[in-house]
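See below for the structure under consideration.
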Amino acid sequence: AEDVHAVLAYLRSDPRLADLEHKESFADKPPFYRMKVRLKKEIVTMGVPGISPTHMAGTYVQPKDWNALISSPDVVLIDTRNDYEVEIGTFKGAINPDIQTFSQLPQWAQKANELRERNGRKPRVAMFCTGGIRCEKSTALLRANGFDEVFHLQGGILKYLEHIPPEESLWQGQCFVFDERTSVGHGLVPGKLGICRSCRDPLAEGMTDSPLFELGVSCPRCYHTTSDEHKQRARERQRQFQLAKARGQMHLGEPQKNSLIKQLLPANAPVLYSFRRCPYAMRARLALLSAGIRCELREVALAQKPQSLLNASPKGTVPVLVLPDRVIEQSLDIMLWALQQSDPQSWLPAQAQKRQTQLALVQRFDDVFKHHLDRYKYPNRYALTDGKTHRDEAALLLQELNALLSPNGFLSGEHWGLADAAIAPFVRQFAKVDKAWFDAQPWPVLQQWLGQFEQSNEYLQAMHKYKVWHPDHKPVAFPSP
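Using our numbering, the first residue of the sequence shown is number 1, and each one after it goes up by one.
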């Protein structure tokens, strides 16, 4: 809690954020997997130009005064949230616009009978949403359209549930929240509703009893909108999730490090010269991440290689890992070094024979598959008319890979491991040359394996964007805190 308030104090030190309003609630486990900070043009998109929440928003109503307002018979009460949110809870008497996205609200407002003039006057309108952000725009929209008396619940439903006791409340049901709690009730106590892992919508009461519900695969909302192939991939993902849970591991990822101390680079930290999109560098980062080894990352612009990289490794290709006592210049050697220091997810097979089998597979892909991949992706570099011949040669290897994956879903056995992490970045690069062609191939297990990789927390961390390194810059830690 002290760290959270320190961040808030830092933000409010900026004059532009001095009046920042925040909301607090408590949970017995982290409701978010990681922190995300994004720069966006607008926090919620309504799609109507010229609407200014700063100057045109409606009148704020405190939670303690809300009941009196919405109980008035001449007030039209509108829930501005999406339909799946309204389904699990709303205020008594509220109108549900039945929208799937916020950008659909303006069109609904133009046609809604409830908003038509009566006796030459537009009605009084009260609007609400989860935290109050949507209503900054929705009330401004109505005011711009000639509504004089427009009100909205300050702090949204969450503030109301925080301050109004159940016996005085006009709220019915649960409030959907966009984190692992799924929903909250009065006092912001986490609810008991689940979430569909396929469409991410909340599971309203009775949904899990439906024949269309399958844990981790589908619910009555998304069953008819997802293909059999999608359901099969989800089924396999759920199976792997259950296996990881039984082993006490995160599915394709490790727990986020919460200690602020771990955000600092250790003394004599390794230095990794890397290029984000290079598959060799990608697999080196994946292994360092799995091993829990923090290093200084120096993102390289390949057209302007820094002198320090060339001093460490005259060949000048990434990745290069600089240790206090030596330099490792090959990506597979970096992976093996990292996993020999620490292997909490058992990426390295314990049996020597299995390890050699996996390394032989990786070497084959490094030699043969990479040869065809380069000529498929860059035919002009090799004076080729096109790369289709090499695409087809590489496809034979991917067909074999699909067969190898079929028994367990992983190249390394029953869970993600060395061979998976070493080969997946190259398969990803191949798939992106012609995504439609790749998706049309009869490789369902391979496609699912690649999809799971690209959706994993490890992939997101390994593919975090860093600025190109310069000697004058402060050291950058990998993985990013």
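No residue lacks a Cβ here, since even glycine has one placed at the ideal position from N, Cα and C.
Closest residue to residue i among the options (Cα-Cα distance)
i                 : options                           : result
aspartate 374     : Lys388, Gln363, Leu361 and Val362 : Lys388
glutamine 174     : Asp28, Ser308 and Tyr84           : Tyr84
valine 125        : Thr90, Asn82 and Val61            : Val61
proline 319       : Tyr273, Glu400, Lys231 and Leu310 : Tyr273
methionine 282    : Asp420, His230 and Pro314         : Asp420
aspartate 325     : Pro270, Ala234 and Asp179         : Pro270
alanine 267       : Lys192, Gln429 and Leu323         : Leu323
arginine 298      : Pro15, Asp14 and Lys467           : Lys467
threonine 45      : Arg428, Asp79, Pro475 and Cys135  : Cys135
arginine 235      : Ala9, Lys122 and Trp449           : Trp449
leucine 286       : Lys231, Met35, Trp416 and Ser71   : Trp416
isoleucine 179    : Gln172, Gly191 and Ser480         : The amino acid occupying residue 179 in the given sequence is aspartate; isoleucine does not appear at that position. Among Gln172, Gly191 and Ser480, the Cα nearest to that of aspartate 179 is on Gly191.
arginine 276      : Ile43, Arg12 and Leu460           : Leu460
alanine 477       : Val327, Leu265, Gln104 and His390 : Leu265
glycine 89        : Arg355, Asp65 and Leu170          : Leu170
phenylalanine 241 : Asp386, Gly155 and Gln452         : Gln452
leucine 188       : Gly206, Glu214 and Tyr160         : Tyr160
C-beta contact flag for residue i and residue j at 8 angstroms
i             : j              : result
arginine 486  : glycine 216    : Summary: the structure shown does not reach residue 486, with the chain confined to residues 1 through 481, and so no result is reported for it.
valine 184    : threonine 59   : no
lysine 23     : leucine 158    : yes
proline 202   : threonine 226  : no
isoleucine 95 : glutamate 114  : yes
glutamine 358 : alanine 291    : no
cysteine 295  : leucine 302    : no
valine 362    : isoleucine 423 : yes
serine 218    : lysine 231     : yes
tyrosine 378  : serine 331     : no
isoleucine 78 : proline 97     : yes
valine 300    : leucine 309    : yes
leucine 411   : leucine 405    : yes
isoleucine 51 : alanine 140    : yes
As assigned by DSSP and simplified to three states, the class of residue i
i                 : result
glutamate 498     : Nothing can be reported for residue 498: it is not among the residues displayed for the chain, which extend from 1 to 481.
leucine 260       : Caution is warranted here: a pLDDT of 45 is assigned to leucine 260, below 50, making its placement in the model unreliable, and the coordinate value is therefore given only provisionally. In the structure shown, leucine 260 sits in a helix (DSSP, three-state: H, G or I).
glutamine 429     : helix
tryptophan 449    : helix
serine 103        : helix
alanine 421       : helix
glycine 438       : Checking the displayed sequence, the identity of residue 438 turns out to be phenylalanine instead of glycine. DSSP places phenylalanine 438 in helix when its eight states are reduced to three.
proline 202       : strand
tyrosine 273      : strand
tyrosine 60       : strand
phenylalanine 26  : coil
valine 177        : coil
proline 190       : strand
phenylalanine 213 : coil
alanine 267       : coil
valine 7          : helix
Buried or exposed by the 16-neighbour rule on C-beta atoms within 10 Å, applied to residue i
i              : result
lysine 111     : exposed
proline 471    : exposed
glycine 47     : exposed
lysine 257     : Low per-residue confidence applies at lysine 257: pLDDT is 44, beneath 50, and the placement is therefore not dependable enough to give any value.
valine 7       : exposed
isoleucine 261 : Reliability of the predicted coordinates at isoleucine 261 is poor, the pLDDT of 43 falling under 50, and the value obtained from them is presented with this limitation in mind. With fewer than 16 Cβ atoms within 10 Å of its Cβ, isoleucine 261 is classed as exposed.
glutamine 455  : exposed
glycine 93     : exposed
arginine 237   : buried
serine 259     : Below a pLDDT of 50, predicted positions are generally treated as unreliable, and serine 259, at 43, falls in that range; the measurement from the model is reported next regardless. It counts as exposed.
histidine 464  : exposed
leucine 212    : exposed
isoleucine 43  : exposed
proline 165    : exposed
serine 138     : buried
histidine 473  : exposed
Quick check for students: name the residue ranges of the beta strand (DSSP E) that lie wholly in the stretch 275-337, counting only runs of 3 or more. Complete beta strand (DSSP E) runs here, min 3: 295-299 and 320-322.
Write down every uninterrupted run of the alpha helix (DSSP H) in the stretch 341-386 whose length is 4 residues or greater and which is fully enclosed by it, in chain order. You should have 352-364 and 370-377.
May I have a chain-ordered list of the beta strand (DSSP E) segments no shorter than 3 residues that lie completely inside the stretch 141-173? Annotation note: the stretch 141-173 contains the following uninterrupted beta strand (DSSP E) runs of length 3 or greater, listed N- to C-terminal: 150-153 and 171-173.
Can you list the alpha helix (DSSP H) stretches of 4 or more residues lying completely in the stretch 63-140, in chain order? Counting only runs of 4 or more, we get 63-70, 83-88 and 105-111.
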